[in-house]
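Written out below as structure tokens is the structure these notes cover.
There are 2 protein chains.
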Amino acid sequence: MSHDLDLLFRPRSVAIIGASDKNPWTRIAARTLQDVGFAGPLHLVNRRGTPALGLETITSCAEAEGIDAAFIAVPAVALGDAIEDMAAAGVRYGAVVTSGFAETGGEGAAEQARLFDRARALGVTLLGPNSLGFTNFVDRVSVGAMPLKLPVLERPRVGLVSQSGATTVLIAQLAHQQNVALSHMVAMGNEAVIDLADVIRFLVEDEATKAIAVFAESIRRPDAFAAAARAAAEARKPIVMLKVGTGELTATVAQAHTGALVGDDKVFQAVCDAYNIVRVGSLEDLAITADMLAAIGPVDPARGFSLISISGGACEIVADRGEEVGIEFPPFGTETLAKLSGVIADFGAAHNPIDITGASMSRPAIYSGVMEAVGADPAIGLIGVIQEIPASEAAASPMSEAALSEVARGFGLAGVPGMVIQQVLKPITDHGRAVIARHGLPLVTGGMDHAVRAIGHLYQWSRRVAQTLPRPVPAALEVPPELVGEHATLAWLATRGVPVIPQKVARSRAEAVAAAAAIGGAVALKILSPDIQHKTEVGGVLLGLEGEAAVGDGFDRIIANVKRARSAAAIDGILVSPMRRAGTELIVGVARDEAWGLVLAVGLGGVLVELLQDTQLRVLPVSPAEARDMVGRLKGAKLLMGYRGAPAADLDRLAEAIAAIGEAALVLGDRLDALEINPLRVDGAEIEALDALLVWRHAG
Amino acid sequence: MSHDLDLLFRPRSVAIIGASDKNPWTRIAARTLQDVGFAGPLHLVNRRGTPALGLETITSCAEAEGIDAAFIAVPAVALGDAIEDMAAAGVRYGAVVTSGFAETGGEGAAEQARLFDRARALGVTLLGPNSLGFTNFVDRVSVGAMPLKLPVLERPRVGLVSQSGATTVLIAQLAHQQNVALSHMVAMGNEAVIDLADVIRFLVEDEATKAIAVFAESIRRPDAFAAAARAAAEARKPIVMLKVGTGELTATVAQAHTGALVGDDKVFQAVCDAYNIVRVGSLEDLAITADMLAAIGPVDPARGFSLISISGGACEIVADRGEEVGIEFPPFGTETLAKLSGVIADFGAAHNPIDITGASMSRPAIYSGVMEAVGADPAIGLIGVIQEIPASEAAASPMSEAALSEVARGFGLAGVPGMVIQQVLKPITDHGRAVIARHGLPLVTGGMDHAVRAIGHLYQWSRRVAQTLPRPVPAALEVPPELVGEHATLAWLATRGVPVIPQKVARSRAEAVAAAAAIGGAVALKILSPDIQHKTEVGGVLLGLEGEAAVGDGFDRIIANVKRARSAAAIDGILVSPMRRAGTELIVGVARDEAWGLVLAVGLGGVLVELLQDTQLRVLPVSPAEARDMVGRLKGAKLLMGYRGAPAADLDRLAEAIAAIGEAALVLGDRLDALEINPLRVDGAEIEALDALLVWRHAG
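Here's what the structure looks like:
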């Protein structure tokens, strides 16, 4: 279900239920409201009416008016009453910190289900239980109890949502340390009603939020998550995600604990690829990448990156690491080089990344001059300047002030987006924040290592933003119930636009000879029987037959072989198809993932796919552009590009064929379990499915 | 050359040459001596005897006695005089900050060579020029001018040496921020005399230094570097290195600048593999990894790692990332599980990494109890505990104090080495340092992301510590000058212990027939001519011949073919060898790298090596154990393990064959340019070189 969570996340009036001096959660909740500067009415609810936290209390929500949302910190046994009270008073939203439910096992889960079903029936929508709630830094309100004090930073723009409460706090602290301004931070808790997908949807619609940072342990509702991810992609609002449980060890442990099969991470990666979700591997990368994407937004993927630094070492580190993550550092154009030599005399061989040398310490105008020249280069679309932000008055100097002033001016002149990069990961202090604000600097990020990975993600995300989203899933069609076996499957695939090898069914020796003559050249014969899957094993395949006698004898031999091996098998005839010279063989398969639905896999046949698992996955539907992208990402892609004198594959036609296979699988609908084309033969522009296997979900 | 740098790096008396109030370098140099607590005599040398930096000056080193080392900060034109003055006064060591030499191009390089050759002739050994010098935190002395103020930390143990002055300062600041106690920091400058290898050798011998952190741009003397790296490996003192210029872009730029070909990074990696040098990709990883290796030293690679945390999210992040870098998290033994359930009641399914849950907040003894139980598990050899170190009094709490106290106690009880890991990368403040000291905590590191990579390196380095070092290079032998061509090469390789296919030389049709009969079964015939390299092109190869007539006719046909195609070619006969059924084919090559000497490459034939560059490199010599390691690291290694029903290769014999090829290449000595065995055929225990190509350095 999808929820309108506006009143939950932007309440004008807040209650704390269970408020008491002895209840630390309620103390933190009240203090957080104060810290964040909440200006609306706050009501403390205490069953006995005992004053708490230095304020008067009420005994029921009904004693106050217009409470939009409540923070509920009552003992587990009192949660039912609290919900009834909220409902009676018309309080429709809340966050429940109370623990002791699903996270403790079966009994707790049952009690959780009972209470939250009741809440739902009463029209009360709750975050949690076992949730630290949330803080909304944009509207300066909190319904939660995260034990940390964070000032509201300027330009809040990163929405943080996490399935681990402790980790929410940790990421928020880290974000503050790195001057990453959060718009919201939301700790999901047990997700009895509101889940990750709901919060992502809210953040997609929130105007202040420019990027969504997600710490995820498990996706409870894949469909809802995919829909929320699609909404984010349509809004061009990046989701940056750190997902745990991707390794074998964590997956095994999770399975042992919850009994739930953790989905294959390769499939989840395919989902992320489909919806342009950026995946990172560390908490630092989560905060820094989300901040960069929020600050910069999509860049022109056709225009590369330029780094400007006073340190040659920094230039080399960024170039080395940047190359690894696919950042382009275009060489400067002639015009740019001329401008640069006007800025610094001995800049004859200026190259990107550009080392502006120690000269810029005595002549800081070199910064702005170089930035202006580089920004005007049509090959450059993004600029990074290595510069340290002083952490204290003592660390500042007239030299660093002058440099920062010229850097700020340079961003104005450059005409392309940019950022300041500190060389190593270190805190941006309050003093540093003031320096940034005073100079009007854009994004300040770092260290180089994290910044480079984030820039790599920024470009990758921007490239995908430019691509079309997967089309919505086409409606399932009625398919003939007799659609079974190679021949029927290939024939049906042909009607769906999949190029397939011509096949003729011969029911007699004479028909086989005639079919072969019509085809011309050598042919292959294969038994056609609904009862036989492995044709070769029963002597049901003969290859390279040419001429009336060979084909006719072949027909007879196959029939005899099959009758001998499988006397009971029904024989529908023999398939006659042309022999093809060896080309490159692909395996294109569609399989159903229990969580994510149909997943398309593309691999190169032979040792590459068997030994190196060189396959690319995407959740369906897949457009031809995506299919082409999949092929390009195969490690063995060069095999298709004219390897060893073989003709280069027509990649457009190949992409269309792969996309058509995906579409065909989709229209087969819910009954489909798997569809495999093996091989899809590629020989220059000749692309054909040579064999197909279709598996229905329920036998028959 | 190798230098005894003891007096340079541990001077008891220091001079600053060029001292003047207007010379900022000398001001910084004097202040650094004060900051570091230098207790010995300091002499300021000023040509005119003008007082400087608030002190009297002398006009020549000769006016003082017993100066061990000098910091030289005179203008470039005065450097020659300063050197003469030092020599005359018997000052034998110094660091030259003066710039304007090789880093400015050809003229500067010539002047540098002139001055430093003269210094060498005078017995004066200098660091630099263009060097910020060094600080020695162990002996509390500095001959340098790094613009930063660092207190001396406890237990200085990481020696830092860097080829970039700015980066030295940056890494030192970072190290201080992360509580990484440097023993020395050395900025190399232009390396006119003393180079990286010399400083590494000094640090290998320095007792306080437990690990060596290197920031490198280029290796000037590969032989000396390899010798220093060998010395470090023999001393089991890890070298951790961040080397820039590894990417295509930086290599191209460096080449354009210096005209020097930057070595292939794959070859440099092979050197690092040989001498157990740990390579990292970021400044943060450099400091954190070196610190961990210094603090912990080699661990038992057979015993895995256990993480203990109050946060399930942290456990999962560490498990996921740890798996990626090859860290083993062994499951706990039955005895351990029993002990753990004694520590926490509901620990039935405790697993590694171990989430000790929020219960440990109210009962901190859980920490030490769990650590003791886990440390006693024979499968565990290293423990990490996630715990935050408070940055200030305000951030501390009775709860965190109690937890830290129990963690410290736990390390005492665990009986295995361990560390505290902070979850994200954040500074360890002076307050934090005091907390660490008060509790007597071992290594405190973090964040998790960096710590996990460092632990991965620690295990990898420890595994290699356990392996034997490459043996010294065997002496080159006299080899027959006629050693040229496939047959002679294979025959000679056979004398060196390389298994080769039997070959007989037939000089007549009759000899060919007799040879084939002696071999039995089908044979291959190949032309034997010193003038023909590509035998197939001239019709010089026939395969699968069996029987007198076929072999005899084949002999005649090849002779006729070759005479037709190459009438001038000398024909020494025809090689007769048995036909072999297809096996797995390896390519084993030895090629000379201009910097590093002979490098052995092993790859699997076919698409894997051609398309995916699936090769492993090592510098020679290579032991059979290393050769086996190389084979195991091939992506396609499974092809040798009994793939698709093929017999599994005898990997021990294969490793011996590869090592023998490497040894053979070494004894061929300096004249060898390349030796390629293609293919080395592997069919179960049958391993044979089928063809060999030998290329001498100078024609003939």
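Listed in order, the protein sequences are those of chains A and B.
Letter by letter, the first sequence follows residues 923 to 1622 in my numbering.
Letter by letter, the second sequence follows residues 923 to 1622 in my numbering.
Cβ atoms here follow ideal geometry from the backbone N, Cα and C, with glycine treated the same way.
Listed by position along chain B, the residues whose Cβ is nearer than 7 Å to that of residue 1243 of chain A are 1203. DSSP, reduced to helix, strand and coil, places residue 1056 of chain B within a strand of the structure shown. The residue from A/1015, A/1126, A/1216 and A/1141 with its alpha-carbon nearest to that of residue 1191 of chain A is A/1141.
A direct Cα-Cα distance of roughly 8 Å separates residue 1588 of chain B from residue 1520 of chain B. In this structure, residue 1580 of chain A places its C-beta atom within 7 Å of the C-beta atom of residue 1549 of chain A. Residue range 1370-1388 is occupied by the alpha helix (DSSP H) that includes residue 1381 of chain B, with no beta strand (DSSP E) assigned at that position. Judged by beta-carbon spacing, residue 1112 of chain B lies beyond the 7 Å limit of residue 1227 of chain B, meaning their Cβ atoms are not closer than that value. Per DSSP, residue 1202 of chain B lies in no beta strand (DSSP E) segment and is marked neither H nor E.
Listed in chain order, the positions of the region 1289-1322 of chain A with a beta carbon within less than 7 Å of a beta carbon of chain B would be empty, since no residue qualifies.
Rounded to the nearest angstrom, the gap between the Cα atoms of residue 947 of chain B and residue 995 of chain B is 7 Å. In the same chain as residue 1206 of chain B, and ignoring 5 residues on each side of it, the C-beta atoms closer than 6 Å to its own belong to 1372, in chain order. The Cβ of residue 1371 of chain B sits closer than 7 Å to at least one Cβ of chain A. DSSP places residue 1131 of chain A in the coil class of the three-state scheme, outside both helix and strand.
Residue-level contact check: residue 1604 of chain B does not touch chain A, since none of the beta carbons of chain A fall below 7 Å from its beta carbon. Within chain B, the residues whose beta carbon sits less than 7 Å from that of residue 1273 of chain A are 1175, listed in sequence order. With fewer than 16 other Cβ atoms from the protein chains shown falling within 10 Å of its own Cβ, residue 988 of chain A counts as exposed. Under the three-state reduction of DSSP, residue 1079 of chain B is assigned to coil, being neither helix nor strand. According to DSSP, residue 1161 of chain A shares a beta bridge with A/1134.
Just measuring C-alpha positions, the residue of B/1619, B/1565, B/1599 and B/1489 sitting nearest residue 1590 of chain B is B/1619. Between residue 1081 of chain B and residue 1065 of chain B, the CB-CB gap reaches or exceeds 7 Å. Taking each of B/967, B/1167 and B/1437 in turn and checking the Cα distance to residue 1499 of chain B, the smallest one comes out for B/1437. Using a CB distance cut-off of 7 Å, residue 1034 of chain B does not count as an interface residue toward chain A. Collapsing the DSSP output to three states places residue 1421 of chain B in coil. Residue 1015 of chain B is bridged by DSSP to B/991 and B/1047. Taken through DSSP and simplified to helix, strand or coil, residue 1558 of chain B comes out as coil. DSSP places residue 1456 of chain B outside both helix and strand once states are collapsed to three, so it counts as coil.
Of all residues in the region 1331-1357 of chain A, only 1345, 1346, 1347, 1348 and 1349 come within less than 8 Å of chain B when Cβ atoms are compared, listed by chain position. Of the candidates B/1209, B/1299 and B/1076, the residue whose Cα lies closest to the Cα of residue 1164 of chain B is B/1209. With respect to chain B, the C-beta atom of residue 948 of chain A has no partner C-beta closer than 7 Å. Residue 1610 of chain A sits buried, since 16 or more C-beta atoms from the chains shown fall within 10 Å of its C-beta. If you draw a straight line from the Cα of residue 1139 of chain B to the Cα of residue 1356 of chain A, it comes to about 36 Å. Within the region 1187-1202 of chain B, no residue has a Cβ lying closer than 8 Å to any Cβ of chain A.
Its Cα nearest to that of residue 1222 of chain A, the residue A/1340 stands out among A/1120, A/1143, A/1136 and A/1340.
By the C-beta density criterion, residue 1321 of chain B is exposed, having fewer than 16 other C-beta atoms within 10 angstroms. A residue is called buried when at least 16 other Cβ atoms come within 10 angstroms of its Cβ; residue 1455 of chain A does not meet this threshold and is exposed.
Excluding five sequence positions before and after residue 1103 of chain A, the CB atoms of its chain that fall closer than 7 Å to its own CB belong to 1075, 1076, 1077, 1078, 1079 and 1080, given in chain order.
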